[in-house]
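A.B. asks:
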Amino acid sequence: MQASFLAKSFAYTADVLRAQVSELSHDESLRQLVAGGHSINWLTGHIVSSRSTPLRRVGAEPVWSEAARKRYRNGSPPIGAEGPGVLPLPELIRLFERSQERLNAGLLRLSVADLARLSGYGKNTVAESLFYFHFHEAYLVGQLTMVAEALGKSAKYINS
46 MQASFLAKSF
56 AYTADVLRAQ
66 VSELSHDESL
76 RQLVAGGHSI
86 NWLTGHIVSS
96 RSTPLRRVGA
106 EPVWSEAARK
116 RYRNGSPPIG
126 AEGPGVLPLP
136 ELIRLFERSQ
146 ERLNAGLLRL
156 SVADLARLSG
166 YGKNTVAESL
176 FYFHFHEAYL
186 VGQLTMVAEA
196 LGKSAKYINS
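So this is what it looks like as structure tokens:
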């Protein structure tokens, strides 16, 4: 596997996320479809938070400190209203864009040998670890798309 494949894969999910949030207000991003469900605000923040590990894998600095990303980490309570640690949607998008720039640049620096190294997580190689994180992100972007459509936003698609 070449790193450019992973860079393109992350670029696809980035394009879909951008399209889906382009017409949303911050207030809309806080709406939950069901009690206890994930809002677009939480999903977007969770994607940014989850990119911390892939960023480190490619030798790039995460965009959040561990403390700052706590509100959006796996297992954190759903976000359906303003509260401690909840960021405005435009700020989350800005952080996402910064993470995308760093991730893309880091991926494009990796060699085939870099991708074949063990990642430090189980027996997974760096490539396998990065592929998992892309799968996770694509899953979250799919959820985000469904929430946006349920909020009355038209579906946004990208051309590959």
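Counting from 1 along the sequence shown, just add 45 to a position and that's the residue number in this note's numbering. All C-beta atoms, glycine included, are put in the ideal place defined by N, C-alpha and C.
#1: Could you tell me the distance, in whole angstroms, from the CA atom of Asp60 to the CA atom of Gly167?
#2: Check the C-beta distance from Pro123 over to His71 and give it rounded, since I have them as a contact under 8 Å.
#3: Within 10 angstroms of its Cβ, does Arg116 collect 16 or more other Cβ (buried), or is it exposed?
#4: Between Phe178 and Ser95, which are expected to be in contact by the criterion C-beta below 8 Å, what is the C-beta distance as a whole number of angstroms?
#5: Where DSSP assigns a beta bridge to Leu190, which residues make up the other side?
#6: Return yes when the Cβ of Leu51 is within less than 8 Å of the Cβ of Gly125, no when it is not.
#7: With DSSP as the reference, please indicate the residues paired to Thr170 in a beta bridge.
#8: Grab me the residues of Glu73's own chain with a C-beta within less than 6 Å of its C-beta, minus the 5 sequence neighbours each way, in chain order.
#9: In three-state DSSP terms, what is Asn119?
#10: How would you label Pro129, buried or exposed, when you count the other beta carbons within 10 angstroms and need 16 or more for buried?
#11: How many whole angstroms separate the CB atoms of Phe141 and Leu62, which I take to be in contact at a CB cut-off of 8 Å?
#12: As a quick exercise: from Glu136, Arg101, Leu69 and Ala150, pick the residue whose alpha carbon is nearest that of Ser174.
#13: Which whole-angstrom value describes the C-beta separation of Val157 and Asn86, a residue pair presumed to lie in contact below a C-beta threshold of 8 Å?
#14: Looking at C-alpha atoms only, which residue of Thr190, Gly151 and Glu182 is the closest neighbour of Val171?
#15: Can you tell which of Val103, Ser144, Val186 and Ser121 has its C-alpha closest to the C-alpha of Leu160?
#16: Cα separation between Glu106 and Arg147?
#17: Specify the secondary structure class of Pro99 as computed by DSSP and reduced to three states.
C.D. replies: Taking the geometry as given:
#1: A straight line joining the alpha-carbon of Asp60 with that of Gly167 spans about 31 Å.
#2: The pair is not a contact, with the Cβ atoms about 16 Å apart (cut-off 8 Å).
#3: The residue is buried, with at least 16 neighbouring Cβ atoms inside 10 Å.
#4: Indeed they touch by this definition, with Cβ atoms about 7 Å apart.
#5: In the sequence as displayed, the identity of residue 190 is Thr instead of Leu. The partner list for Thr190 (beta bridge, DSSP) is empty, contrary to what the question assumes.
#6: Contact check for Gly125 against Leu51 fails: the beta carbons are separated by 8 Å or more.
#7: Paired residues: Leu163.
#8: Hits under 6 Å: Leu196.
#9: In the structure shown, Asn119 adopts coil according to DSSP, grouped into three states.
#10: Burial check for Pro129: the Cβ neighbour count within 10 Å stays below 16, so the residue is exposed.
#11: Correct: roughly 7 Å between the Cβ atoms.
#12: Ranked by Cα distance from Ser174, the options Glu136, Arg101, Leu69 and Ala150 are led by Arg101.
#13: That belief does not hold up - the Cβ atoms of Val157 and Asn86 are roughly 38 Å apart, past 8 Å.
#14: Nearest of Thr190, Gly151 and Glu182 to Val171, Cα basis: Gly151.
#15: When the alpha-carbon of Leu160 is set against those of Val103, Ser144, Val186 and Ser121, the nearest one is in Val103.
#16: Rounded to whole angstroms, Glu106 to Arg147 spans 8 Å at the Cα level.
#17: Helix at Pro99.
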